[in-house]
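Undergrad: Submitted below is the structure of interest, expressed as structure tokens.
2 protein chains.
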Amino acid sequence: MSEHIVQAFDAELNAITEQISELGALAEKQFADSIQALCHADTTLAEAVRARDPQLDELAARTEGDAIGLTARRQPLAVDLRHVMAAIRIASNLERVGDLAGNIAKRALAVAPDLLPKVFSDPVQRMGELAQLQLHGAMEAYLARDAERARWVWEHDARIDVLHTMLFRDIVGAMVEDAAPMFDLAHLLFVIKNIERVGDHATNIAENVEYLVRGQQPTQPRPKKDDSSALREV
Amino acid sequence: MSEHIVQAFDAELNAITEQISELGALAEKQFADSIQALCHADTTLAEAVRARDPQLDELAARTEGDAIGLTARRQPLAVDLRHVMAAIRIASNLERVGDLAGNIAKRALAVAPDLLPKVFSDPVQRMGELAQLQLHGAMEAYLARDAERARWVWEHDARIDVLHTMLFRDIVGAMVEDAAPMFDLAHLLFVIKNIERVGDHATNIAENVEYLVRGQQPTQPRPKKDDSSALREV
Chain A
1 MSEHIVQAFD AELNAITEQI SELGALAEKQ FADSIQALCH ADTTLAEAVR ARDPQLDELA
61 ARTEGDAIGL TARRQPLAVD LRHVMAAIRI ASNLERVGDL AGNIAKRALA VAPDLLPKVF
121 SDPVQRMGEL AQLQLHGAME AYLARDAERA RWVWEHDARI DVLHTMLFRD IVGAMVEDAA
181 PMFDLAHLLF VIKNIERVGD HATNIAENVE YLVRGQQPTQ PRPKKDDSSA LREV
Chain B
1 MSEHIVQAFD AELNAITEQI SELGALAEKQ FADSIQALCH ADTTLAEAVR ARDPQLDELA
61 ARTEGDAIGL TARRQPLAVD LRHVMAAIRI ASNLERVGDL AGNIAKRALA VAPDLLPKVF
121 SDPVQRMGEL AQLQLHGAME AYLARDAERA RWVWEHDARI DVLHTMLFRD IVGAMVEDAA
181 PMFDLAHLLF VIKNIERVGD HATNIAENVE YLVRGQQPTQ PRPKKDDSSA LREV
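Residue numbers (UniProt numbering), protein chains in the order written: chain A, 1 to 234; chain B, 1 to 234.
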């Protein structure tokens, strides 16, 4: 490519990275707010999360479209093409984080005005904070093109999985003992699953950062510890 | 573009459409088998679904990579670019259908050797068949570039949503009445949610077919009827 074309490509790629940075910040905020709304029975905050969801979808779709448009116009080669692929995949993961936050907010509205027993809201909040840290770490790694940081995130998702499996067991136990309204507990099962999936999206983003920087994703299997789908007894 | 380049582009695009056709067939099979495995407590079938999952992921990733590589090499304009975008998005939706099928199979293994009471396995099977029809319809619409057929699929997802909300209510009701092992019922809540999401992916695919053929997605909001996230009482 001529230097002129290279510069034009870089400028457009930077604009896309900017959009992803904005998208990441919005997804992080949506997710953090949805957890707050649930744990404090804050229906105003839950409504705000739901109202902002289309904005996130729109930004994600625009970012994806811009990345593909850039590819079609500039014919990027090898490394540059990796940037575009990573951008498309990261935007898609952030959009899904937004969807999960929207779903948690919807369930927060269904659970309120009941205030969740602290025995549940405390670990849900802790699990939410862990997932926020993972997501934030993955976005930092992306923006800094930092494969080491990405690998750290990738290696630490299992902490969320372990908490998820424990909480799944506790919530089903509470169902057996009829310890809280059954619908609240059912929604809570989905909330913790959504949080666990936010962690998975952070891991996906981290994998894409590693792919972007090193040219390939981690080759070993993910250190997964979520056994909840296989649980048979308390 | 010269005629030579146009032909080369078309040949590569056809190859990608072929891959998506294969991916769609595999996703449909995985999903149908996962429902069978659950409803008939067939652990061999459930294991087979889980064993085939990486194959589907690999095919989806390859299809996405080929579509972006094609874009970078051939600089497609307007209509052709829509084909590439649709291919990327449809592959991503099919990959997620595969993941959902894998998760249903995992839960089928957890629920077996208990045979689900017919009062649940019958409607789960019916819901699964509806979602299969939607997915198959969306793939037929894609392969035939048929926007009418896509619109039909798009309009009919609400049937699955209605069934999902009814079943969610029934399962939580059974939890209250302690009508079956609590873990089985908890897994069942996730199974019906997964089926409902397969329906959503079929709708996403249908939207992409409409975008591909007509240049824009449906402008009205989706006819959604899933109120389960908002349920408060039986």
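The C-beta atom is built at its ideal place from N, Cα and C for all residues, glycine as well.
#1: Please name the residue, chosen from B/123, B/23 and B/18, that lies closest to residue 52 of chain B on a Cα-to-Cα basis.
#2: Hey, quick one: how far does the alpha helix (DSSP H) through residue 40 of chain A stretch, first residue to last?
#3: Taking Cβ-Cβ distances below 7 Å as the criterion, which residues of the segment 110-124 of chain A are in contact with chain B?
#4: Answer yes or no: does any C-beta atom of chain A fall closer than 7 Å to that of residue 127 of chain B?
#5: How would you label residue 4 of chain B, buried or exposed, when you count the other beta carbons within 10 angstroms and need 16 or more for buried?
#6: For the alpha helix (DSSP H) containing residue 225 of chain A, name the first residue and the last one.
#7: Among residues of its own chain, excluding the 5 on either side of residue 175 of chain B, which ones have a beta-carbon nearer than 7 Å to its beta-carbon?
#8: Does any CB atom of chain B fall closer than 7 Å to the CB of residue 75 of chain A?
#9: Are the beta-carbon atoms belonging to residue 108 of chain A and residue 26 of chain A less than 7 Å from one another?
#10: Please compile the residues from chain A whose C-beta is within a distance smaller than 9 Å of the C-beta of residue 106 of chain B.
#11: May I ask which residues mark the beginning and end of the alpha helix (DSSP H) holding residue 145 of chain A?
#12: Would you mind sorting residue 86 of chain B into buried or exposed? The rule is 16 or more other CB atoms within 10 Å of its CB.
#13: By Cβ distance below 8 Å, which residues in the same chain neighbour residue 70 of chain B in space, the five residues on each side in sequence not counted?
#14: Entirely within the segment 79-127 of chain A and at least 4 residues each: give me those alpha helix (DSSP H) ranges in chain order.
#15: With a threshold of 7 Å between beta-carbons, can residue 205 of chain A be considered close to chain B, or not?
#16: Looking at the structure shown, is residue 25 of chain A part of a helix, part of a strand, or coil, going by DSSP?
#17: Do the segment 42-61 of chain B and the segment 38-50 of chain A touch if we need at least three Cβ pairs shorter than 8 Å?
#18: Any beta carbon of chain A sitting closer than 7 Å to that of residue 59 of chain B?
#19: Can you tell me the Cα-Cα spacing of residue 112 of chain B and residue 192 of chain B, whole angstroms?
#20: Which residues in chain A have a C-beta closer than 9 Å to the C-beta of residue 85 of chain B? List them in chain order.
#21: What I want to know is whether the C-beta of residue 153 of chain B ends up closer than 6 Å to one or more non-hydrogen atoms of the ligand GDP.
#22: Can you list, in chain order, the residues of its chain with a C-beta nearer than 7 Å to that of residue 149 of chain B? Leave out the 5 residues immediately preceding and following it.
#23: Please identify, using Cβ separations under 8 Å, the residues of the segment 22-33 of chain A that lie next to chain B, in order along the chain.
#24: Counting only beta-carbon separations shorter than 7 Å, does residue 133 of chain B have a partner in chain A?
#25: The alpha helix (DSSP H) that contains residue 167 of chain B, what's its start and end?
#26: Where does the unbroken alpha helix (DSSP H) through residue 199 of chain B begin, and where does it stop?
#27: Go through its chain and collect everything with a Cβ distance to residue 80 of chain A's Cβ below 6 Å, but skip five positions before and after it.
#28: Would you say residue 208 of chain B lies against chain A (beta-carbon separation less than 7 Å)?
#29: Ignore the nearest five residues each way along the sequence and tell me which others in residue 73 of chain A's own chain have a CB closer than 6 Å to its CB.
#30: Short of 8 Å in beta carbon distance, which residues of its chain neighbour residue 125 of chain A, apart from the five on each side in sequence? Order them along the chain.
#31: According to DSSP, is residue 71 of chain B helix, strand or coil?
#32: Cutting at 6 Å between CB atoms, please list the residues of its own chain near residue 134 of chain A, excluding the five before and the five after it.
#33: Quick one, which of A/213, A/190 and A/169 has its alpha-carbon nearest residue 100 of chain A's?
#34: Assign residue 77 of chain A to one of three DSSP states: helix, strand, or coil.
#35: Any idea if residue 197 of chain A is buried or exposed, counting beta-carbon neighbours within 10 angstroms, 16 or more meaning buried?
#36: At a CB distance below 7 Å, what residues from the segment 158-184 of chain A approach chain B? Give them in sequence order.
TA: If we stick to the structure as given:
#1: The shortest Cα separation from residue 52 of chain B among B/123, B/23 and B/18 belongs to B/23.
#2: Counting along the chain, residue 40 of chain A falls outside any alpha helix (DSSP H), and DSSP gives it neither H nor E.
#3: Flagged, chain order: 110.
#4: Output row for residue 127 of chain B: interface = no.
#5: Burial call: exposed.
#6: Unbroken run through residue 225 of chain A: none, as it is neither H nor E.
#7: Result list for residue 175 of chain B: 182 and 185, in chain order.
#8: In terms of beta-carbon proximity, residue 75 of chain A lines the interface with chain B, with at least one pair separated by less than 7 Å.
#9: Contact flag unset, no.
#10: Within chain A, the C-beta atoms nearer than 9 Å to that of residue 106 of chain B come from 229 and 230, in chain order.
#11: It is not in any alpha helix (DSSP H) - residue 145 of chain A carries neither H nor E in the DSSP assignment.
#12: Counting Cβ neighbours within 10 Å, residue 86 of chain B comes out buried, since at least 16 surround it.
#13: Setting aside the 5 residues that flank it on each side, residue 70 of chain B is surrounded in the same chain by 9, 12, 13, 16, 76 and 84, each with a C-beta closer than 8 Å to its C-beta; the list follows chain order.
#14: As far as the segment 79-127 of chain A is concerned, it has no whole alpha helix (DSSP H) run of at least 4 residues.
#15: Contacts with chain B at 7 Å (Cβ-Cβ) do not include residue 205 of chain A.
#16: If DSSP states are grouped into helix, strand and coil, residue 25 of chain A belongs with the helices.
#17: The segment 38-50 of chain A and the segment 42-61 of chain B do not touch, with fewer than three beta-carbon pairs separated by less than 8 Å.
#18: Not one beta carbon of chain A lies nearer than 7 Å to the beta carbon of residue 59 of chain B.
#19: Using only the alpha carbons, I get a separation of about 17 Å.
#20: Those are 64, 65 and 68, listed as they occur along chain A.
#21: Here there are no bound small molecules, and the ligand GDP is not part of this structure.
#22: The residues are 137, 140 and 141.
#23: Hits within the stretch: zero.
#24: No - not a single Cβ of chain A is within 7 Å of the one on residue 133 of chain B.
#25: Counting along the chain, the unbroken alpha helix (DSSP H) around residue 167 of chain B starts and ends at 158-176.
#26: It spans 182-214 - the alpha helix (DSSP H) in which residue 199 of chain B sits, taken as one unbroken run.
#27: Nothing listed; no residue qualifies.
#28: No, residue 208 of chain B lies away from the interface with chain A (no Cβ there is under 7 Å from its Cβ).
#29: The beta carbon of residue 73 of chain A is closer than 6 Å to none in its chain, skipping five residues each way along the sequence.
#30: Once the five neighbours on either side are set aside, the close Cβ partners of residue 125 of chain A are 35 and 39.
#31: Helix.
#32: So the qualifying residues of the chain are 153, 199 and 202.
#33: Minimum Cα distance to residue 100 of chain A is reached at A/190.
#34: Assigned with DSSP and collapsed to three states, residue 77 of chain A falls in coil, not helix or strand.
#35: Residue 197 of chain A comes out buried.
#36: Listed in sequence order: 172, 175, 176, 182 and 183.
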